[in-house]
Each structure stands twice: as structure tokens, then as C-alpha cells.
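Trainee: Numbering (the UniProt record's numbering), first residue to last: 1 to 349.
Built from N, CA and C at the ideal position, the CB exists for glycine as well.
What you are looking at is a predicted structure, and each value in this text was computed from that prediction instead of being measured.
The structure's right below; bear with me while I get my questions together.
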């Protein structure tokens with residue numbers, strides 16, 4: 001089944017209502033999830049907080065903020081993502097990213113900038129300990145036994161005792177196990193240092209590539225690496241990540257933007273054309289087995305998301321390639337991913 005997602009980034013917008021409107025539009029198009037980028041490198045709203053505001057104003061679309069693993073406390077990050085999963089009733093994701101510049105490091109004053117290889121290795125450790133902390137409460141740890149005054153079964157809370165290269169976490173979490181068990185983890189696996197982390201820990205890997213052959217090669221490598229790490233490769237979804245400029249309406253795509261693939265730019269692969277040719281490109285890449293889905297960043301947020309939802313999506317639905325309704329209530333349901341088993345279930349605390 002084809003999967004579709006979109007960014008709702010609006011760097012100069014500080015009004016929550018605008019993000020709510022875009023997320024509702026994506027939900028109208030039955031998109032799997034929306035992403036909201038975040039970075040310490042520029043001013044802007046906190047992505048996780050914005051999507052926490054969006055959560056009660058939407059019903060089915062997944063909500064995936066970027067939360068950096070550099071200069072942040074892993075315990076606090078996992079608790080915040082778990083809280084988003086509770087607030088959204090199981091629709092949360094987490095796009096992991098790292099902060100590589102000295103300017104970002106100076107904002108915190110704890111350490112100097114580090115090489116990407118080291119930072120992505122640390123990001124993998126954060127992803128690992130987050131999963132352990134989400135599992136530190138068994139699903140039925142809350143008993144709420146009024147007659148005895150017992151709120152929690154202590155035997156179903158677990159210490160994780162994690163030692164990373166630069167941090168340690170004992171646990172358990174302060175937030176009960178999220179509705180999805182593990183909120184969906186998303187990693188941009190375009191660059192080499194991030195690819196290992198994506199193969200080992202991501203549920204969704206994004207790849208910024210300009211043609212189907214490149215996308216297919218990356219997908220094959222990610223699946224092989226996932227298997228090498230002891231994962232079932234079928235538990236990893238690989239999305240092509242494209243900038244989408246649909247300002248030409250129904251006009252044909254410019255040469256180099258249509259069925260032959262997007263044009264590579266300094267900002268990443270760019271498709272420029274109309275919704276019809278975009279539907280053809282999506283159908284072609286997915287039909288060849290190159291990708292499991294697409295993550296599209298609209299050049300003009302409202303205009304291009306509207307044309308995606310009202311133009312491209314109906315064409316894909318008409319061809320039987322994309323769903324017409326959500327198959328369940330959680331982001332894992334949308335992506336066809338199983339709810340992970342609790343790794344500590346049955347252990348004594």
C-alpha cells in the first residue's frame with residue numbers, strides 16, 4: 001500500500017491556527033502523517049509544542065515533530081514524545097535529528113560541536129533508551145485499586161539502567177507506556193552517518209533522491225542493514241522525500257521534473273509541475289518497488305498542500321493506489337506497523 005505524508009513547515013508563522021488548518025487539510029486527504037521541522041540553528045516555534053496544540057483539533061492524521069537528540073536530555077525527550085502520543089490518542093511520531101554547528105553548541109554551553117558520525121551514534125543511543133523507557137511501564141501497570149489505595153503495580157515498573165557514551169539513564173519513565181507502545185521514529189537517512197541509525201532504529205526512513213533507481217538502491221541497502229541488526233526489514237518503511245512546487249497547476253511538469261524524476265537543487269530534489277504529473281511520478285516510483293511512500297514538502301504550504309490533497313490524491317485513489325479512509329486510529333495503523341511488544345513484560349522490577 002502506498003503511503004503519503006507532508007511537511008507543514010511555515011518558518012515565519014507564529015499562529016497555531018495556521019498549523020491546525022494545514023493538518024486538517026492533510027487529514028482530509030487521508031495522509032499518513034504531517035511533519036513539522038525544528039532546529040536550534042534558527043528562531044522559531046517548538047515543533048513538539050505546536051503539534052501538541054494541533055492534536056486535539058485533529059482526529060486521525062499522524063503528528064511528527066522534529067526533536068533533536070543533541071544538547072537535550074534523553075529522559076525529557078522521550079517523556080515529551082510519549083506525552084504527545086497520549087494527547088493525540090496514538091498518533092505521535094518523532095523525527096530524530098542532530099545539531100552539528102558550534103553556534104548551536106554555544107546556546108547550551110555544555111560541549112563543543114562534534115562530527116556527524118559521533119552525533120548520529122549518540123542519536124541511536126537516544127532512540128534505544130527512549131524505547132526502553134517507553135517499555136519501563138507495562139501496559140497494565142496502572143491498577144487504580146481504590147479499596148487498597150494502590151495506584152501502580154510496582155512489579156510492572158522497570159529500571160532500564162542504560163549507560164550510553166555520553167549519558168546514563170536509570171528510569172523508569174514518569175509517563176505511562178504510550179498508546180502505540182513506541183511512537184513512530186522517523187529518520188532522514190539520506191546522508192551516510194544517519195543511515196546506520198535509521199536502519200537500526202527507525203520505523204520510517206526518508207531519503208532525498210532524484211530518481212527511482214537511487215531510491216530503490218537506498219531502500220535495498222536499508223533493508224539489508226536492518227536485517228543485519230536483527231530487525232525484520234518489513235518493519236521499516238522507506239519514503240522518498242521531495243520538495244513539491246505545484247504552482248503550475250494542470251500544466252505539464254518542466255523537463256526533468258515529470259516522469260523522469262525531480263531536478264536536484266541545493267535544497268534537495270524538486271518536483272515542479274502539476275498534480276497530474278505528480279500522481280504519475282508517485283505511481284511510477286511506487287509501482288517499481290523503489291519506495292514505500294513519499295514525504296512531500298510544499299514550496300507554498302497552503303497552495304501546494306491543497307493541490308496535493310484535491311488533485312494528486314484523488315487521482316491516486318481513482319487508480320486504487322491510495323486509500324480513501326484511515327484503516328485505524330493510530331499512526332502505526334496507518335503505516336501498517338505492529339505495536340511493539342514490551343521488552344520487560346514479565347520481569348520483576
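Which runs of the alpha helix (DSSP H) fall wholly inside the stretch 116-141 and span at least 4 residues, in chain order?
Mentor: 116-134
Trainee: Would you kindly work out how many angstroms separate the C-alpha atoms of residue 145 and residue 155, rounded to a whole number?
Mentor: 15 Å
Trainee: CA-CA distance, residue 200 and residue 82?
Mentor: One C-alpha to the other measures close to 20 Å.
Trainee: I need the DSSP call for residue 361, collapsed to helix, strand or coil.
Mentor: Any property of residue 361 remains undetermined from this structure, which presents the chain solely from 1 to 349.
Trainee: My output table needs one value for residue 222: the three-state DSSP class, helix, strand or coil.
Mentor: helix
Trainee: Going by DSSP, what residues sit across from residue 295 in a beta bridge?
Mentor: Answer by DSSP bridge pairing, in chain order: 5, 241.
Trainee: At the level of alpha carbons, what is the spacing between residue 339 and residue 67?
Mentor: 22 Å
Trainee: For the candidate residues 268, 143, 310, whose alpha-carbon lies nearest to that of residue 295?
Mentor: Residue 295 has its Cα closest to that of 268, out of 268, 143, 310.
Trainee: Would you mind giving the Cβ-Cβ distance between residue 293 and residue 3, rounded to the nearest angstrom? I have them listed as a contact below 8 Å.
Mentor: 3 Å
Trainee: Can you tell me whether DSSP reads residue 268 as helix, strand or coil?
Mentor: It is a strand residue.
Trainee: Helix, strand or coil for residue 281, going by three-state DSSP, please let me know.
Mentor: helix
Trainee: Any chance the stretch 156-166 sits against the stretch 125-132, with 3 or more Cβ pairs inside 8 Å?
Mentor: yes
Trainee: Who are the near neighbours of residue 327 in its chain, counting only those whose CB is closer than 6 Å to its CB and skipping five residues on each side?
Mentor: 333
Trainee: So what does DSSP say about residue 335, is it helix, strand or coil?
Mentor: helix
Trainee: What is the DSSP secondary structure of residue 61, reduced to helix, strand or coil?
Mentor: coil
Trainee: For residue 330, which residues in the same chain have their Cβ closer than 7 Å to its Cβ, ignoring the five residues on either side in sequence?
Mentor: Closer than 7 Å at the Cβ level, and outside the excluded window around residue 330, lie 90, 91, 179, 180.
Trainee: Which term fits residue 286, buried or exposed, when burial requires 16 or more other beta carbons within 10 angstroms of its beta carbon?
Mentor: Flag for residue 286 reads buried.
Trainee: Using DSSP with H/G/I as helix, E/B as strand and the rest coil, what is residue 24?
Mentor: helix
Trainee: On a CA-only basis, which of 222, 56, 242, 301 is nearest residue 198? Give me that one, please.
Mentor: 222
Trainee: Residue 36 lies in the beta strand (DSSP E); which residues open and close that run?
Mentor: Unbroken beta strand (DSSP E) run through residue 36: 33-36.
Trainee: Got a sec? Which residues, its chain only, sit under 7 Å from residue 193 by beta carbon, not counting five neighbours each side?
Mentor: 116, 117, 120
Trainee: To the nearest angstrom, how far is it from the Cα of residue 95 to the Cα of residue 237?
Mentor: Our two residues, residue 95 and residue 237, have alpha carbons roughly 14 Å apart in a direct line.
Trainee: Return the bridge partner residues of residue 93 from the DSSP annotation.
Mentor: Paired residue(s): 184.
Trainee: Helix, strand or coil for residue 83, going by three-state DSSP, please let me know.
Mentor: helix
Trainee: Exposed or buried, residue 112, counting other C-beta atoms within 10 Å across all chains shown (16 or more means buried)?
Mentor: exposed
Trainee: Once you ignore the five residues that flank residue 322 on each side, which residues in its own chain have a CB closer than 7 Å to its CB?
Mentor: 2, 4, 313, 316
Trainee: Report the three-state DSSP secondary structure of residue 66 (helix, strand or coil).
Mentor: It is a strand residue.
Trainee: If you drop the 5 nearest sequence neighbours on each side, which residues of the same chain put their C-beta closer than 8 Å to that of residue 16?
Mentor: 50, 53, 54
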